[in-house]
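Below: one structure, written as structure tokens.
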Amino acid sequence: MLSPVANGLTRRGALALGGAALLAPAVAKAELVIDLRGGSFQPLPIAVADFAGDGGVLVSGVITNNLKRSGYFTPIDKSRHPDRNPPFDSVPQFEAWKAAGVQALVTGRVSRDGSGRIKAEFRLWDVTTGTQTDGQQYFTDPSNNRRVGHIISDAIFTKVTGVGGFFDTRVVFVDESGPKENRRKRLAIMDQDGANVRYLTNGDVSVVTPRYSPVAQEVTYMSQRMGEQPRVHVLNIETGQRQVVGNFPDMTSSPRFSPNGARIALSLQQGGNANLYAMDIGSRTTTRLTSTGAIDTSPSYSPDGTQIVFESDRGGSQQLYLMPAGGGEGKRLSFGAGSYSQPSWSPRGDLIAFTRRGSGGFAIGVMRADGSGERVLTEGFHNEAPNWAPNGQYIMFFRDPGGQSGGKLYMVDITGRVEVPVPTPAFASDPTWSPLLTAGR
Numbered sequence: 001m002l003s004p005v006a007n008g009l010t011r012r013g014a015l016a017l018g019g020a021a022l023l024a025p026a027v028a029k030a031e032l033v034i035d036l037r038g039g040s041f042q043p044l045p046i047a048v049a050d051f052a053g054d055g056g057v058l059v060s061g062v063i064t065n066n067l068k069r070s071g072y073f074t075p076i077d078k079s080r081h082p083d084r085n086p087p088f089d090s091v092p093q094f095e096a097w098k099a100a101g102v103q104a105l106v107t108g109r110v111s112r113d114g115s116g117r118i119k120a121e122f123r124l125w126d127v128t129t130g131t132q133t134d135g136q137q138y139f140t141d142p143s144n145n146r147r148v149g150h151i152i153s154d155a156i157f158t159k160v161t162g163v164g165g166f167f168d169t170r171v172v173f174v175d176e177s178g179p180k181e182n183r184r185k186r187l188a189i190m191d192q193d194g195a196n197v198r199y200l201t202n203g204d205v206s207v208v209t210p211r212y213s214p215v216a217q218e219v220t221y222m223s224q225r226m227g228e229q230p231r232v233h234v235l236n237i238e239t240g241q242r243q244v245v246g247n248f249p250d251m252t253s254s255p256r257f258s259p260n261g262a263r264i265a266l267s268l269q270q271g272g273n274a275n276l277y278a279m280d281i282g283s284r285t286t287t288r289l290t291s292t293g294a295i296d297t298s299p300s301y302s303p304d305g306t307q308i309v310f311e312s313d314r315g316g317s318q319q320l321y322l323m324p325a326g327g328g329e330g331k332r333l334s335f336g337a338g339s340y341s342q343p344s345w346s347p348r349g350d351l352i353a354f355t356r357r358g359s360g361g362f363a364i365g366v367m368r369a370d371g372s373g374e375r376v377l378t379e380g381f382h383n384e385a386p387n388w389a390p391n392g393q394y395i396m397f398f399r400d401p402g403g404q405s406g407g408k409l410y411m412v413d414i415t416g417r418v419e420v421p422v423p424t425p426a427f428a429s430d431p432t433w434s435p436l437l438t439a440g441r
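Each residue of the sequence shown is one higher than the one before, starting from 1 at the first, in UniProt numbering.
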């Protein structure tokens, strides 16, 4: 995970205001809170005023878009703002904002210090109680304007929901172009909202199943050149350094990092079956984890590194199984109708996401780590490859609705009430979410 210093980004504490009454919120009769535990929340009406200063409108626009896409906020259209540019150093006219249907208000400004760095400041106001509930200032290079918007979005999201942020992140995915019978598949990376797309591979070899390290800006993935066996790669996103960490004589698939980023679990095909192995990245030594006549694949570590969930057809159809991270007998988790695949363990440790295939198509769902409490979040003609946001509240996947020539990315929350498309330049598949870019948040 990147540090604030390494990214040229520093954070200061609560805003220093002129009056002590504004420094600390007064005791409020109500709290500016969205309770997500029951899944019956109502999106919070919020107004994000245009930030003052050069680049301020860009920052406030990023915040508005992020909060809207989260599904937990309803940004009020600017045409309904009673004050388009409320003074940052003054208390807002709460009655006017309340009359506009606003419950929360964000104000801010962007300025430059003597060294040319920008200082971005924001305040979050509870319109109902007339109190300031949060306020921060950030110093950074001007090129980080959009990132400041993401970091402020995270601060607001966490303050109101009590859940960690996910906006200051990136997504690696497989960019797909060309006809289906001759598809060009490149690794691409973008901000979680679809901005700043760049390509990590040039398309001369086909790439599949990228997965981010939970602790670093690294991605492991499979590549395959026509007529050759697949190779396991690890790519450092920041430096561009790429290393082949596995060049096995047989078919390999589904590499996944361990929680500490030191190992990769993968599936190695041998004859008509496939077993799971763990490989130490530093020493390149491998340890066999399963030994069956079945096809075991798609391993995913628990956040504490003690267990692995995987898919196997050892019972006659694809189902989910759980075993110790060092290998051992697998315990079946999935018992619903249809076949289960592509398990992905939540960073919070509470849920496992999966793809379930039945007669009606493909569903993305979640279950508890013991297999109980199964819920379908979304379903359709073809949904695959669920991958978690670092806060464990959202899942990204790809969908091919049929009648098209490729898939698109979508994001769904764990309540199943929020589902939004994720913009990409072309068709896309196999998304994988980075950890938060700023350390300590």
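C-beta atoms are modelled at their ideal positions from N, C-alpha and C, and glycine is treated no differently.
1) For Asp313, name the three-state secondary structure that DSSP assigns.
2) By DSSP's criteria, Glu176 is part of a beta bridge. Which residues make up the other side?
3) In angstroms with no decimal places, state the Cα-to-Cα distance between Ala265 and Tyr72.
4) Mind checking whether Asn296 and Ala325 have CB atoms under 7 Å apart?
5) How is Trp433 classed by DSSP in three states: helix, strand or coil?
6) Is the CB-CB distance between Ala47 and Val110 below 7 Å?
7) If we call anything under 7 Å between Cβ atoms a contact, is Pro214 one with Pro259?
8) Can you give the beta carbon distance from Arg356 to Gly336, rounded, assuming they're within the 8 Å contact cut?
9) Find out if the Cβ-Cβ distance for the pair Val412, Thr378 is shorter than 7 Å.
10) Looking at Pro299: is its Cβ nearer than 7 Å to the Cβ of Gly349?
11) May I ask you to report which of helix, strand or coil DSSP gives Ala26?
12) If we ignore side chains and look at the alpha-carbon of each, how far apart do Gln132 and Gln318 end up?
13) According to the neighbour-count rule (16 or more other Cβ atoms, all chains shown, within 10 Å of its Cβ), is Ser429 buried or exposed?
14) In whole angstroms, give me the CA-to-CA distance for Ala104 and Gln137.
15) So does the region 152-169 actually touch the region 197-210, counting three or more Cβ pairs closer than 8 Å?
16) Return the chain-ordered list of same chain residues with a C-beta closer than 6 Å to the C-beta of Pro86, the five sequence neighbours on each side being excluded.
17) Work out the CA separation of Thr169 and Gln217 for me, nearest whole Å.
18) Which residues share a DSSP beta bridge with Asp191?
19) Below 8 Å on the Cβ atoms is my contact criterion, and I expect Ile352 with Val418 to pass it. Report the Cβ-Cβ distance as a whole number of Å.
20) Do Asn383 and Arg368 have their CB atoms nearer than 7 Å?
21) Quick check: the Cα distance between Lys68 and Thr290, rounded to an integer number of angstroms?
22) At 4 residues or longer, and completely inside the UniProt domain "TolB N-terminal" (33-132): list those alpha helix (DSSP H) runs for me, N to C.
23) I'd like the span of the beta strand (DSSP E) that includes Arg284, first residue to last.
Based on what the coordinates show:
1) Within the sequence shown, the letter at position 313 stands for residue 313. Of the three classes helix, strand and coil, the one that applies to Asp313 here is coil, per DSSP.
2) Stepping through the sequence shown from its first residue, residue 176 is reached at position 176. Looking at the DSSP assignment, Glu176 forms a beta bridge with Lys185, Phe427.
3) Taking the first residue of the sequence shown as position 1, residue 265 is located at position 265. Taking the first residue of the sequence shown as position 1, residue 72 is located at position 72. Roughly 35 Å between the two C-alpha positions.
4) Residue 296 sits at position 296 when you count from the first residue of the sequence shown. Residue 325 sits at position 325 when you count from the first residue of the sequence shown. Looking at the sequence provided, one finds Asp at residue 296 rather than Asn. Taking 7 Å as the Cβ cut-off, Asp296 and Ala325 do not qualify as a contacting pair.
5) Along the sequence shown, read from residue 1 onward, the residue named residue 433 stands at position 433. Strand at Trp433.
6) Walking along the sequence shown from the start, residue 47 turns up at place 47. Walking along the sequence shown from the start, residue 110 turns up at place 110. No.
7) Position 214 of the sequence shown, counted from the start, is the residue given in the question as residue 214. Position 259 of the sequence shown, counted from the start, is the residue given in the question as residue 259. Closer than 7 Å, so yes.
8) By one-based count along the sequence shown, residue 356 stands at place 356. By one-based count along the sequence shown, residue 336 stands at place 336. Right, their Cβ atoms sit about 7 Å apart.
9) Counting from one through the sequence shown, the residue named residue 412 turns up at place 412. Counting from one through the sequence shown, the residue named residue 378 turns up at place 378. Against a cut-off of 7 Å, the Cβ pair of Thr378 and Val412 comes out as a contact.
10) By one-based count along the sequence shown, residue 299 stands at place 299. By one-based count along the sequence shown, residue 349 stands at place 349. Their beta carbons are not under 7 Å apart, which means Pro299 does not touch Gly349 by this criterion.
11) Residue 26 sits at position 26 when you count from the first residue of the sequence shown. Note on Ala26: pLDDT 38, under 50, position unreliable in the model; the coordinate value appears next. Coil, per DSSP.
12) Numbered from its first residue, the sequence shown carries residue 132 at position 132. Numbered from its first residue, the sequence shown carries residue 318 at position 318. If you take the alpha carbons of Gln132 and Gln318, they lie about 52 Å apart.
13) By 1-based counting over the sequence shown, the position of residue 429 is 429. It counts as buried.
14) For the purposes of this step, residue 104 is identified with residue 104 of the sequence shown, where counting begins at 1. For the purposes of this step, residue 137 is identified with residue 137 of the sequence shown, where counting begins at 1. Those two C-alpha atoms are separated by around 19 Å.
15) no
16) Taking the first residue of the sequence shown as 1, we reach residue 86 at position 86. So the qualifying residues of the chain are Ala49, Pro92, Thr107.
17) In the sequence shown, residue 217 corresponds to position 217, counting from 1. In the sequence shown, residue 169 corresponds to position 169, counting from 1. Whole-angstrom Cα-Cα distance: 10 Å.
18) If you number the sequence shown from 1, residue 191 lands on position 191. DSSP output for Asp191 lists Arg170 as bridge partner(s).
19) Locating residue 352 in the sequence shown gives position 352, counting from the first residue. Locating residue 418 in the sequence shown gives position 418, counting from the first residue. The Cβ separation is near 20 Å, so there is no contact.
20) One-based indexing of the sequence shown puts residue 383 at position 383. One-based indexing of the sequence shown puts residue 368 at position 368. For Asn383 and Arg368, no; Cβs fall outside 7 Å.
21) Here residue 68 refers to the residue found at position 68 of the sequence shown. Here residue 290 refers to the residue found at position 290 of the sequence shown. In a straight line, the C-alpha of Lys68 is about 45 Å away from that of Thr290.
22) 56-70, 94-99
23) For the purposes of this step, residue 284 is identified with residue 284 of the sequence shown, where counting begins at 1. Run containing Arg284: none; DSSP gives neither H nor E here.
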